[in-house]
């Protein structure tokens, strides 16, 4: 009973409780205390956001109307040949997927515009969306200037000094620049090539510095020359002449030649043909080139030239916004310079796009 009264008195007096705790902790300190084993300091290192993001395989799609999104690669499960596939994304009537990259969240994506400027994003900075989502308007991610439109997107895993970006303009100017020049870019973009006022960038290709390059013009001319003919230049350089154009003609396509590939040429009136790359002999940069396709009033001007493989698909959009999709293998192979080419439909075509080969 005496002990109970003492305990009640302690519980009723907070100062006695704290006094007892202090005495017991002091005793523990005397019996078990030792020197502090940890040090408290200020961390002066910087936190890299990329280190906090898991590296995973993703698919990045860019539509004709410049909507972009990122999707985990495993969203598209592997299927057997002949399957129905799965719906990729809903697009507006006049919109469709123009380019698709299979990359990782840690890769750098370079965006080149018609005005010769380059912008960059890390893949993880592109908002992830569901398989059926439309995506984000690219203007919300890049500080594009008025009148700018995306002409090429390039993925870069690492900035290797032995790799290059090869550019071509509609006035026939070409330029090769080391990928190192694009390692440190501002959010507001930088000039990738110094363009004349009436010129536009029409294509950019990632190369090793030792490819053969083909340029095609709207009046049916084409030239193939070695990339070695173009010395490496700085980012602010103007470039050198790749093809000598007739008055009024302009370059509409640029690509690098690949083994076992063909050159596909498409015209404004819906005609097209495939030509084996061996038909194009190697020339010196700056020449007039050779006749690739005999342009007539019936065929209309050439609007697209690309190196392709038979397992790819071709998508064309008419001036009225109608999208035509066909297998490249359905076109017959025709010699360079021929006018015997095939037609898809009786509509005026303003652009054409080539889907990447399936992997």
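In this note's numbering, the protein residues as written are 275 to 633.
Note that CB positions come from ideal geometry on N, CA and C, so glycine has one too.
Owing to the predicted nature of the structure, the values given are computational and were not obtained by experimental measurement.
(request) Have a look at 348, 486 and 320 and flag the residue whose alpha-carbon is nearest the alpha-carbon of residue 552. (result) Nearest C-alpha to residue 552: 486.
(request) Given a cut-off of 9 Å, decide if residue 474 and residue 443 are closer than it, judged by their beta-carbon atoms. (result) yes
(request) Specify the secondary structure class of residue 411 as computed by DSSP and reduced to three states. (result) Reduced to three states, the DSSP call for residue 411 is strand.
(request) Could you tell me which of 577, 430 and 574 sits nearest to residue 383, measuring between CA atoms? (result) 430
(message) Run through the DSSP bridge pairs and tell me what residue 317 is partnered with.
(response) In the DSSP output, where bridge partners are listed per residue, residue 317 has none listed.
(request) Please state if the CB of residue 547 and the CB of residue 556 are separated by a distance shorter than 9 Å. (result) no
(request) Please report the residue range of the beta strand (DSSP E) in which residue 345 lies. (result) 341-346
(message) My output table needs one value for residue 603: the three-state DSSP class, helix, strand or coil.
(response) helix
(message) Run through the DSSP bridge pairs and tell me what residue 429 is partnered with.
(response) 383
(message) Let's see if you can read the secondary structure: which residues bound the beta strand (DSSP E) around residue 477?
(response) 475-481
(message) Considering only their Cβ atoms, is the gap separating residue 373 from residue 413 smaller than 9 Å?
(response) Cβ distance not < 9 Å, so residue 413 and residue 373 don't count as in contact.
(request) Measure from the alpha carbon of residue 410 to the alpha carbon of each residue in 420, 344 and 434, then state which is nearest. (result) When each option's Cα is compared against that of residue 410, the closest is 344.
(message) Tell me whether residue 339, by its Cβ, gets closer than 8 Å to a heavy atom of the ligand NAD.
(response) The ligand content of the structure shown is nil, which means the ligand NAD is not present either.
(request) Over the uninterrupted alpha helix (DSSP H) stretch that includes residue 292, give me the two end residues. (result) 288-306
(message) If contacts are defined as beta-carbon pairs under 8 Å, then residue 523 and residue 492 qualify, I think. What distance do you get, rounded to the angstrom?
(response) 6 Å
(request) With residue 285 as the anchor, note down where its alpha helix (DSSP H) starts and where it stops. (result) 276-285
(message) Less than 9 Å between the beta carbons of residue 396 and residue 341, yes or no?
(response) no
(request) Use the C-beta contact count for residue 570: other C-beta atoms within 10 angstroms, 16 or more gives buried, fewer gives exposed. (result) exposed
(message) Quick check: residue 563 and residue 517, are their CB atoms within less than 9 Å of each other?
(response) yes
(request) Below 7 Å CB to CB, which residues in the same chain sit around residue 584 once its five sequence neighbours on both sides are set aside? (result) 602 and 603
(request) Measure the CB-CB distance between residue 483 and residue 436 and report whether it falls below 9 Å. (result) yes
(request) Would you kindly report the start and end of the unbroken beta strand (DSSP E) that includes residue 547? (result) 545-550
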